[in-house]
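Data first, discussion second: the structure below is written as structure tokens.
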Amino acid sequence: MSTDKEPFLSRWSRRKLDSAKGPAAPRPIAPAAPPAVGPGAAQSPAKTELPPVDTLKGLASEYKDFLRPGVDEKLRQSALKKLFHDPHFNVMDGLDTYIEDYSKLDPIPGEMLKSLKQANRLLFPEEAAEKDRETDAGAAVADAGTMQATEAPPRQVASDDERVAPERESPPARDATHPTKPA
């Protein structure tokens, strides 16, 4: 925590306004490499004679010179392209799980489609209608058979006088051995 008496948002706003008013002090840029002094220094490492890209022979060739700073970017890319066309690097990795084309789905076999209930009505409407007719006919026959077996004579309804009101249950009797007194 800060021991300043100035609230956080006020301090933040003040610093933001201060930075917008004046530019930051320029930072000195240090040279990347010290200037070379001597007779061999006149020749830049990028100016060394590079072999033509067509003469490179895969892993047997040296590619360090093509990766030095100052080498033309297109020349560097063509050398690296030649290097990675070598059969040593042109092997598919077995761990590439995202290289397959998942947009082409394997078709579901017809027998499996017929077993899917949601697909029956959409893909095979004729067969679904036929099955519905068969089940409806079977259910009608089964209902007719059960109606005949369970058919009973009609019940006679008692008149109002004959109806008896059900007896109410009496509350449970208190047991003398277990009185219900508050403790």
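Just so you know, the working numbering puts the end of the sequence shown at 190, numbered straight through with nothing missing.
Even for Gly, the Cβ is constructed at its ideal location relative to N, Cα and C.
Remember, it's a predicted structure, so these values are computed and weren't measured experimentally.
Between residue i and residue j, is the Cβ-Cβ spacing less than 8 angstroms?
{"i": "Gly65", "j": "Asp93", "result": "yes"}
{"i": "Leu63", "j": "Lys89", "result": "yes"}
{"i": "Val60", "j": "Ser26", "result": "no"}
{"i": "Glu134", "j": "Asn127", "result": "yes"}
{"i": "Arg18", "j": "Asp11", "result": "yes"}
Taking only three categories from DSSP, how would you classify residue i?
{"i": "Arg21", "result": "helix"}
{"i": "Gln125", "result": "helix"}
{"i": "Leu66", "result": "helix"}
{"i": "Arg140", "result": "helix"}
{"i": "Glu26", "result": "A small correction: the amino acid at residue 26 is Ser; Glu does not occupy that position in the sequence shown. Of the three classes helix, strand and coil, the one that applies to Ser26 here is helix, per DSSP."}
{"i": "Arg83", "result": "helix"}
{"i": "Gly191", "result": "In the structure as shown, the chain begins at 8 and stops at 190. Residue 191 is therefore absent and cannot be evaluated."}
{"i": "Gly117", "result": "helix"}
{"i": "Ala111", "result": "Looking at the sequence shown, residue 111 is not Ala but Lys. Three-state result, Lys111: coil."}
{"i": "Phe131", "result": "coil"}
{"i": "Lys12", "result": "coil"}
So the candidates are the options; which of them puts its Cα closest to the Cα of residue i?
{"i": "Lys121", "options": "Ser26, Leu24, Phe131, Ser17", "result": "Phe131"}
{"i": "Lys124", "options": "Lys138, Asp113, Pro114", "result": "Lys138"}
{"i": "Tyr70", "options": "Arg83, Glu141, Leu112", "result": "Arg83"}
{"i": "Ala67", "options": "Leu16, His95, Lys81", "result": "His95"}
Let's test the definition: count the other Cβ atoms within 10 Å of the Cβ of residue i and tell me whether it reaches 16, buried, or not, exposed.
{"i": "Phe73", "result": "buried"}
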